[in-house]
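Residue numbers (the numbering used here): 68 to 380.
Here's the structure, in structure tokens; my notes come after.
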Amino acid sequence: DLDRMDGGLSILPPYTAGKTGEWYKGTAHAIYQNIKYIEQYEPEYVLILSGDHIYKMNYNKMLEFHKEKEADLTIAHINVPMEEAHRFGILNTDEDLRIVEFLEKPKNPISTKASMGIYIFNWRVLREYLIRDEANPESEKDFGKNIIPMLLEEEKKIYAFPFEGYWKDVGTIESLWEANMDLIKAREAFDIDDKTWRIYYRHEGRLPQFLGEHADVQSSMISDGTLVFGQVKDSIISSGVVIAEDAVVKDSIIMQNATIEKGASVYHSIVAEGAVIKAGVSIGHEKIELGKDMITVIGRNEVVTEPKKAGGC
Numbered sequence: 068d069l070d071r072m073d074g075g076l077s078i079l080p081p082y083t084a085g086k087t088g089e090w091y092k093g094t095a096h097a098i099y100q101n102i103k104y105i106e107q108y109e110p111e112y113v114l115i116l117s118g119d120h121i122y123k124m125n126y127n128k129m130l131e132f133h134k135e136k137e138a139d140l141t142i143a144h145i146n147v148p149m150e151e152a153h154r155f156g157i158l159n160t161d162e163d164l165r166i167v168e169f170l171e172k173p174k175n176p177i178s179t180k181a182s183m184g185i186y187i188f189n190w191r192v193l194r195e196y197l198i199r200d201e202a203n204p205e206s207e208k209d210f211g212k213n214i215i216p217m218l219l220e221e222e223k224k225i226y227a228f229p230f231e232g233y234w235k236d237v238g239t240i241e242s243l244w245e246a247n248m249d250l251i252k253a254r255e256a257f258d259i260d261d262k263t264w265r266i267y268y269r270h271e272g273r274l275p276q277f278l279g280e281h282a283d284v285q286s287s288m289i290s291d292g293t294l295v296f297g298q299v300k301d302s303i304i305s306s307g308v309v310i311a312e313d314a315v316v317k318d319s320i321i322m323q324n325a326t327i328e329k330g331a332s333v334y335h336s337i338v339a340e341g342a343v344i345k346a347g348v349s350i351g352h353e354k355i356e357l358g359k360d361m362i363t364v365i366g367r368n369e370v371v372t373e374p375k376k377a378g379g380c
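Now the structure itself:
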């Protein structure tokens, strides 16, 4: 509802409150701290989302499911490989999709049904449990560790809403890199060109990208205002980037206004805004093994004058 006719978007940064001046202690505490803000709208339902996930979902369908089930809480879930299940909140359901078990990041997962961190609560239920949880000094103030188990223990109606589309948790460097590579190598899984589901952003008004006479660009996304004179393959290049002659960029993410100087090479890396890779310098591993923390990261405005690889290699 970003047209602001009936609502809008409000940014509520973390803040210190009360005598102790503590910051948010957990996911549930972040909502608790904003109870008064939420209450002014007198909501019947509250949708809670995570900020580090990539997916496309029509929340209206999930809300209709929630209403049909007369649920106190509905959790969107997706099936994940068993070897990855330990990274997520894992749930079990009965035949009616009512959740009967929930474990947060278990060492021995009970299923492959992973919580997506997308919740629809009845507001009166959520408010009650947030207040009770805040009063418990033993609580970690977390939805997965505290709120959901408490609801289950007291036999509240919790249902699982199945989701089958693209979903990526980008809470790690490697998963962030993988999600960007999916824009190139798995376009059918996450179609950003979907005309029925447009992605809106602020256009910088830069000139189109320029490819030099000897530039070689393959399977890459090149933003406006970029100058490419070298080789780019399987990479995401943001606006204002300069890739000089004889430079090589492969399997990498180059953020705004970074510079890859002549003869430099960048492999399996994330190069932050304004960084400079000096002439002839090589960064990153040419070949990587996923799960081994091998994505090299160059910080904002960092100037790299010597070879650098993830893992200190």
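Backbone N, C-alpha and C define an ideal beta-carbon position, used for all residues, glycine too.
Please read all numbers here as calculations on a predicted model, not as lab measurements.
| Check | Outcome |
| --- | --- |
| Let me make sure I understand the geometry here. Which of G307, P148, M288 and I214 has the alpha-carbon closest to that of E195? | I214 |
| Buried or exposed for G75, going by 16 or more other Cβ atoms inside 10 Å? | exposed |
| Determine, using beta carbons only, whether V371 and I365 come nearer to each other than 7 Å. | yes |
| Going by the beta-carbon positions, is the gap between Y126 and L114 smaller than 7 Å? | yes |
| With a 10 Å radius around its C-beta and 16 neighbouring C-beta atoms as the bar for buried, classify G156 as buried or exposed. | buried |
| Please name the residue or residues paired with F228 in a DSSP beta bridge. | A143 |
| Is DSSP giving A314 helix, strand or coil here? | coil |
| Apart from the five residues on each side of it in sequence, which residues of its chain come closer than 7 Å, Cβ to Cβ, to G341? | N324, A325, R367 and N368 |
| For the beta strand (DSSP E) that N159 lies in, which residues bound it at each end? | G156 to T160 |
| Hey, how far is the Cα of H270 from the Cα of G351? | 31 Å |
| Starting from N189, trace the beta strand (DSSP E) in both directions and tell me its first and last residue. | K180 to N189 |
| From this set, V147, E241 and E171, which residue's C-alpha is nearest D209's C-alpha? | E171 |
| I'd like the span of the alpha helix (DSSP H) that includes Y99, first residue to last. | T94 to Y99 |
| Are D301 and D318 close, meaning C-beta to C-beta below 7 Å? | yes |
| Can you tell me the Cα-Cα spacing of G291 and E131, whole angstroms? | Residue 291 is actually Asp in this sequence, not Gly. Distance between the alpha carbons of D291 and E131 is about 41 Å. |
| Give the range of the beta strand (DSSP E) segment to which Y334 is assigned. | S332 to Y334 |
| Between the stretch 107–123 and the stretch 230–246, are three or more C-beta pairs nearer than 8 Å? | yes |
| Looking at the unbroken beta strand (DSSP E) that takes in D291, where does it start and where does it end? | From DSSP, D291 is part of no beta strand (DSSP E); its letter is neither H nor E. |
| What are the partner residues of I365, as DSSP defines its beta bridges? | V338 |
| State the CB to CB distance for the pair L164 and A227, rounded to an integer number of angstroms; the pair is presumed to be in contact (CB under 8 Å). | 5 Å |
| Under 8 Å, with one C-beta from each stretch per pair, do the stretch 216–233 and the stretch 130–146 reach the 3-pair mark? | yes |
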